[in-house]
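S.K.:
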Ligand code: ASP
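Structural data, given as C-alpha cells:
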C-alpha cells in the first residue's frame, strides 16, 4: 500500500515535470530510486509517438496495464486527422480507398489483428476484440468490418478532404505506381512495460500510400510488424512492409534478445538481415524499436531520418535513431 502511494506520488510529480517543459522537479533526486524501480516505460515510432505516449502514460501512471496503455496510446494517432499514415486521415491506396491494418499482443502471448479494414476509425480496438472475443488471431476485409459493426463500432468515412486532395493531385500525374519508397513511412508501433513488469505491444497503419487495393503490409502480421513475449521483450517495425515481412523483423529481434542481445544490438541485427536479404535495401526505409523486460530500449533503421518517442523517468522525448546506410 505504501509502495503504491509512493508510486502515485512519483508519477504525479512526473506529470508536473512534463507540463513544466520537462524541467527537473526538485524532488527528482529523492524520488529517482523509486521511479527507476517502479517506473513504467513506453516507446513508439515517429513524431506522432509523442502525443500517443502521453495517452499511454495516463494509463501507466495510475498503475494500469501495458495492454490498455498501448491500445489507448495508438488510438490517439488513429483518431488524429493530421496523422496521414494511420487511421482517420490516412492517405488512401491508389484507388482512393483508406484501408487499415493493426495488431496487438498482451503479456500472456495473446494476439489479435485486422487487415484491409475499411471505414472503421480505430482498428487497434477491433484487433483487441478479435484477440479477446474470438478463437482467431486475424480477421480481414469485409469479415473484419462485419465483426467490428456487430461489436458496436460505427462506419465512418476516413478519407479527409486533405487526404483526398493529395490523392487527386497524385492521380492527376497519371503515374499509377503502387507506392513511394522514400516517404510516408509513418506507421505507429508502440511497446510498453507497466509497473508490474508486464509487456504489451501494438502496431497500426494505413499502410503505404497509393498501394495496390488489397495490399497488406507487415503491420498487422504478428512477428513482422510487432511481436511481444513477456519473458523477454517486444519489438515493432515501420517502413516498407514487404522487407519486414520477408525477414520477420520483430520476431527476430525478440529472439535475439532471448539469446541475450541488448534491444539495441537486436534491432541492428534485424536491419542487417534486411540489408543482406533485400536487394534494393538502399532505396527503402525500415526502422525498428525494441524494449526488454528490464525497461532497456533499442532503435535502428536502414536510413537516416527514423525517429522514435520514449517516455521514461519524467521525460517524453523524440529521439533520432542510428542507421545503417552511410
Ligand atoms: N510498414 C507499413 C506498411 O508497409 C508502412 C509504414 O510503416 O509506413 O504498410
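Numbering (our numbering), first residue to last: 83 to 408. No residue lacks a Cβ here, since even glycine has one placed at the ideal position from N, Cα and C.
1. Using the rule of at least 16 other Cβ atoms within 10 Å of the residue's Cβ for burial, across every protein chain shown, is residue 141 buried or exposed?
2. Using 10 angstroms around the beta-carbon of residue 258, count the other beta-carbons present and answer buried if the total reaches 16, otherwise exposed.
3. Where do the N-terminal and C-terminal ends of the beta strand (DSSP E) with residue 396 fall, by residue?
4. Only counting the same chain, and skipping five residues up and downstream in sequence, which positions put a Cβ closer than 7 Å to that of residue 275?
5. Extract the residue ranges of the beta strand (DSSP E) inside the stretch 201–272, only unbroken runs of 3 or more that lie entirely within it.
6. With a threshold of 6 Å on Cβ separation, who are the neighbours of residue 399 within its own chain once the five nearest residues in sequence on each side are excluded?
7. Does any heavy atom of the ligand ASP sit closer than 6 Å to the C-beta of residue 290?
8. Give the single residue among 297, 305 and 209 whose Cα lies nearest to the Cα of residue 317.
9. Mapping DSSP to helix, strand and coil, what is residue 349?
10. Judging by CA-CA distance, which residue of 244, 303, 350 and 345 is the nearest neighbour of residue 314?
11. Assign residue 215 to buried or exposed, taking buried as 16 or more other Cβ atoms, counted over all protein chains shown, within 10 Å of its Cβ.
12. Does the pairing of the stretch 223–233 with the stretch 246–257 give three or more beta-carbon distances under 8 Å?
13. With DSSP as the reference, label residue 110 as helix, strand or coil.
14. Give me the residue from 190, 161, 197 and 136 with the minimum Cα distance to residue 303.
15. Does chain C have any CB closer than 7 Å to the CB of residue 291?
16. With DSSP run on the structure shown, which of helix, strand or coil describes residue 406?
17. Output the residue ranges of the beta strand (DSSP E) runs that lie fully inside the stretch 307–352 and measure 3 residues or longer, sorted by chain position.
18. With residue 282 as the anchor, note down where its beta strand (DSSP E) starts and where it stops.
19. Could you pull out every residue in the same chain whose Cβ sits closer than 8 Å to the Cβ of residue 349, ignoring the five residues on either side in sequence?
20. Drop a sphere of 10 angstroms on the beta-carbon of residue 217, count the other beta-carbons inside from all chains shown, and report buried for 16 or more, exposed for fewer.
21. Residue range of the alpha helix (DSSP H) that residue 131 falls in?
22. Could you tell me whether the Cβ atoms of residue 160 and residue 286 are closer together than 7 Å?
23. If contact is defined by three or more beta carbon pairs under 8 Å, each pair taking one atom from either stretch, is the stretch 319–328 in contact with the stretch 197–206?
24. Just curious, the beta strand (DSSP E) that residue 194 is in, first and last residue?
25. Expressed to the nearest angstrom, what Euclidean distance is found between the alpha-carbon atoms of residue 331 and residue 337?
26. Have a look at residue 293 and residue 180 and give me their C-alpha separation to the nearest angstrom.
27. Select from 236, 298 and 403 the residue whose C-alpha is nearest the C-alpha of residue 185.
28. Sort out for me which residues DSSP pairs residue 296 with in a bridge.
M.R.: So, to answer that:
1. Answer is buried; the Cβ neighbour count reaches 16.
2. The residue in question, residue 258, is exposed, as its Cβ has fewer than 16 Cβ neighbours within 10 Å.
3. If you look at residue 396, you'll find it isn't in any beta strand (DSSP E); DSSP assigns it neither H nor E.
4. Taken in chain order, the residues that qualify are 122, 123, 148, 281, 373 and 377.
5. The qualifying runs are 220–222.
6. The beta carbon of residue 399 is closer than 6 Å to those of 392 in its chain, skipping five residues each way along the sequence.
7. Under cutoff, so the answer is yes.
8. It is 305 whose Cα lies nearest to the Cα of residue 317.
9. If DSSP states are grouped into helix, strand and coil, residue 349 belongs with the helices.
10. Nearest option by C-alpha distance: 345.
11. A residue is called buried once 16 or more other Cβ atoms fall within 10 Å of its Cβ, and residue 215, having fewer, is exposed.
12. Under the three-pair Cβ rule at 8 Å, the stretch 223–233 does not count as touching the stretch 246–257.
13. Annotation note: pLDDT 36 at residue 110 (below 50); position unreliable, coordinate value reported separately. In the displayed model, residue 110 falls within a helix according to three-state DSSP.
14. Answer by Cα proximity: 197.
15. As a matter of chain content, chain C is missing from the structure shown, which is built from one protein chain.
16. It is coil, neither helix nor strand.
17. 308–311 and 315–321, all fully within the stretch 307–352.
18. Element bounds for residue 282: 281–287.
19. Contacts found: 317, 335, 370, 371, 372, 380, 381 and 382.
20. Looking at its Cβ environment, which holds fewer than 16 other Cβ atoms inside 10 Å, residue 217 is exposed.
21. For residue 131, the enclosing alpha helix (DSSP H) starts and ends at 131–142.
22. The answer is yes: Cβ separation under 7 Å.
23. At 8 Å Cβ cutoff, the stretches do not touch.
24. Bounds of the beta strand (DSSP E) holding residue 194 are 193–199.
25. Those two C-alpha atoms are separated by around 10 Å.
26. Looking at the two C-alpha atoms, the distance is approximately 10 Å.
27. Per the Cα distances, 298.
28. When beta bridges are read from the DSSP output, residue 296 appears opposite no residue.
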